[in-house]
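Trainee: Please find one structure pasted underneath; my questions will follow.
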Amino acid sequence: IDANDASYDSKVSANNQLLEKDTIIIEILNLILFPKSSVMQTPEYQLFYIEYCFLGYCGADMETISVRKPRPPNQKLIYNFRRKFQVNEEKYPLQNNILRAMLDGLANPNIKFILVCEPLPEETDIKECLEIGYANFNIRDYALEDSEQIMSLPVYNISKKEQIGLLKVSVLGLDTIRTRLRRRYSSI
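Listed below in structure tokens is the structure:
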């Protein structure tokens, strides 16, 4: 799958009015790392980005830019990273089928946002990127509940022993998601 099909859309308004039919937009707004968390207490961790996969799209086009560890530590890391996903049955059947499988419980309904620590530019020869945390967004629960457009997701360290922060994401296209869920239940 060409990740370029998951594109940035600057014309979408925050209130969904200009959202195209059969479209879902996910935006990673910001991240707050708790000042006393192990991540903030580790001096080697300086640059952070977030990556995720959705509807078969993965890779570099699904990664935010890297943002430096905040000083003072209680500031947000701002990403404003937006991707648009088309799920039209005729033009994008694979994405439509993956979404339906997630909503039907045939595939994992979680979108996993992974927090990655990237080495500083001068350290790239000696250090590698390191996954240090994650947050899950359950798209099925989102479709079934009274859902907000903007959510704060808990971010846990990789061992899930410590909550290290909060990731704020925006999801547009609830009607598109619910339409696929309703089609499933109306065909039973």
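For the sequence shown, my numbering assigns the number 9 to the initial residue and increments by one for each residue that follows.
The beta carbon of each residue, even a glycine, is placed where N, CA and C say it ideally should be.
Please report the straight-line C-alpha distance between leucine 189 and asparagine 118, rounded to a whole angstrom.
Mentor: The residue labelled residue 189 in the question sits at position 181 within the sequence shown. The residue labelled residue 118 in the question sits at position 110 within the sequence shown. Taking the straight line joining both Cα atoms gives about 15 Å.
Trainee: Compute the minimum distance between the beta carbon of aspartate 149 and the heavy atoms of the ligand GTP, and state whether it is under 7 Å.
Mentor: The model on display carries no ligand, and the ligand GTP is accordingly not part of it.
Trainee: Please return the same chain residues whose Cβ sits closer than 7 Å to the Cβ of isoleucine 40, not counting the five positions on each side in sequence.
Mentor: Translated into the one-based positions of the sequence shown, residue 40 becomes position 32. Closer than 7 Å at the Cβ level, and outside the excluded window around isoleucine 40, lie Lys84, Gly173 and Leu174.
Trainee: Looking at the unbroken alpha helix (DSSP H) that takes in methionine 110, where does it start and where does it end?
Mentor: Walking along the sequence shown from the start, residue 110 turns up at place 102. Residues 101-112.
Trainee: My parser needs the beta strand (DSSP E) runs of 3 or more residues fully inside the segment 51-78; what are they?
Mentor: With a minimum length of 3 residues, the continuous beta strand (DSSP E) runs that stay inside the segment 51-78 are 55-59.
Trainee: Taking the continuous alpha helix (DSSP H) assigned at valine 163, which residues delimit it?
Mentor: Indexing the sequence shown from 1 puts residue 163 at position 155. First-last for valine 163: 158-165, but that is the beta strand (DSSP E), not the alpha helix (DSSP H).
Trainee: Hey, could you find the ends of the beta strand (DSSP E) leucine 39 is sitting in?
Mentor: Along the sequence shown, read from residue 1 onward, the residue named residue 39 stands at position 31. Its beta strand (DSSP E) spans residues 31-41.
Trainee: Please report the straight-line C-alpha distance between arginine 186 and leucine 114, rounded to a whole angstrom.
Mentor: Residue mapping note: residue 186 aligns to position 178 of the sequence shown, counting from 1. Residue mapping note: residue 114 aligns to position 106 of the sequence shown, counting from 1. Those two C-alpha atoms are separated by around 16 Å.
Trainee: Go ahead and pull the three-state DSSP assignment for serine 46.
Mentor: For the purposes of this step, residue 46 is taken as residue 38 along the sequence shown, with counting starting at 1. Of the three classes helix, strand and coil, the one that applies to serine 46 here is helix, per DSSP.
Trainee: Got a sec, what are the start and stop residues for the alpha helix (DSSP H) alanine 151 sits in?
Mentor: Walking along the sequence shown from the start, residue 151 turns up at place 143. Run containing alanine 151: 147-152, per the alpha helix (DSSP H) assignment.
Trainee: When the Cα atoms are used, what is the spatial distance from glutamate 130 to glutamate 136?
Mentor: The residue you call residue 130 lines up with position 122 of the sequence shown. The residue you call residue 136 lines up with position 128 of the sequence shown. Taking the straight line joining both Cα atoms gives about 12 Å.
Trainee: I need the boundaries of the beta strand (DSSP E) containing glutamate 131, first residue and last residue.
Mentor: Against the sequence shown, residue 131 aligns to sequence position 123. Careful: glutamate 131 lies outside any beta strand (DSSP E) and carries neither H nor E.
Trainee: Based on DSSP bridge pairs, tell me the residues matched to isoleucine 119.
Mentor: Residue numbering aside, residue 119 sits at position 111 when the sequence shown is read from its first letter. Partner(s): Phe145.
Trainee: Between leucine 152 and phenylalanine 56, what straight-line distance do the alpha-carbon atoms span, to the nearest angstrom?
Mentor: Reading the sequence shown from its first residue, position 144 is the one you call residue 152. Reading the sequence shown from its first residue, position 48 is the one you call residue 56. C-alpha separation (whole angstroms): 32 Å.
Trainee: Look at valine 75 and leucine 123 and say whether their C-beta atoms are less than 8 Å apart.
Mentor: Taking the first residue of the sequence shown as position 1, residue 75 is located at position 67. Taking the first residue of the sequence shown as position 1, residue 123 is located at position 115. It is not a contact, given that the beta carbons lie outside the stated cut-off.
Trainee: May I ask you to report which of helix, strand or coil DSSP gives leucine 199?
Mentor: This structure gives no information on residue 199, because the portion of the chain shown stretches from 9 to 196.
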